[in-house]
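**Student:**
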Amino acid sequence: MKKHVPAILVAVSFIFYFLYFSSRYTLAYPPGHSACLNASFFLIDKWDTDIEQGDLAYFEMNVENQFYPTGLRWIKKVAALPNSVVSVEENKVVVDNLTEFPLSLSHIITALNLADNSIGEIEDYTKVIQLENDEVFMIGETINSFDGRFWGPLKKEQIKGTAYAIF
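Numbering-wise, numbering that gives the first Met the number 0 puts 108 at position 109 of the sequence shown, and it's gapless, one number per residue.
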């Protein structure tokens, strides 16, 4: 029996670490038609919801829109934190007149309008948004990103974890 103790301890340790890892972390990848970020595989830390500007965040989409049902889990870049001023312009998103994210509206609007999902013109989405103390603003990283420029800010409580790009 004594010779089995080390093996049992290793097995119990392995099970403990597996349960810990699987309760805290999950692996995620965007659906095949999604190309909004410059990565395609992510590690999600479900216990870490303390996000900063520039982080990737895993969130539950509860904003009504014409393309996706509410309740889906998404990963986007945190562009702005609570109480920030977000300016959505034709070729960039500017936060508090300090941080610029180059991101064009023209490609995605043209693509969606051609796909028979008329969403309007660029002018319909250029705006200035004052975030409330419980709101964040999310963006993608590519020209194909359907993000906060179209559906506005999210409530911070919708953040379900921090995402880390693996590749």
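Just so you know, even glycine gets a beta-carbon here, dropped at the ideal spot from N, CA and C. The structure displayed is predicted, hence computed values, not measured ones.
Do three or more CB pairs link the segment 127-136 to the segment 103-114 at distances below 8 Å?
**Tutor:** Flag = no, the segment 127-136 and the segment 103-114 do not touch.
**Student:** In whole angstroms, what separates the C-alpha of Trp46 from that of Leu55?
**Tutor:** Spanning the two alpha carbons is a distance of roughly 14 Å.
**Student:** Can you tell me where the alpha helix (DSSP H) with Ala34 in it begins and where it stops?
**Tutor:** No alpha helix (DSSP H) contains Ala34, which DSSP labels as neither H nor E.
**Student:** Using 8 Å for Cβ pairs, my map puts Tyr124 next to Phe149. What's the rounded Cβ distance?
**Tutor:** With 8 Å as the limit, Tyr124 and Phe149 qualify as a contact, their Cβ atoms being about 6 Å apart.
**Student:** Round the Cβ separation of Ala78 and Phe166 to the nearest angstrom and send it over; I've been treating them as touching at under 8 Å.
**Tutor:** That pair is no contact at about 23 Å.
**Student:** Select from Pro101, Asn82 and Glu89 the residue whose C-alpha is nearest the C-alpha of Asp95.
**Tutor:** Looking at the Cα atoms, Asn82 is the closest of the given residues.
**Student:** Return the CA-CA distance between Val4 and Ala164, expressed in angstroms with no decimal places.
**Tutor:** Spanning the two alpha carbons is a distance of roughly 39 Å.
**Student:** Under the rule that 16 or more other beta-carbon atoms within 10 Å means buried, what is Tyr57, buried or exposed?
**Tutor:** Tyr57 comes out buried.
**Student:** So for Trp150, helix, strand or coil by DSSP?
**Tutor:** Residue state, collapsed to three classes: helix.
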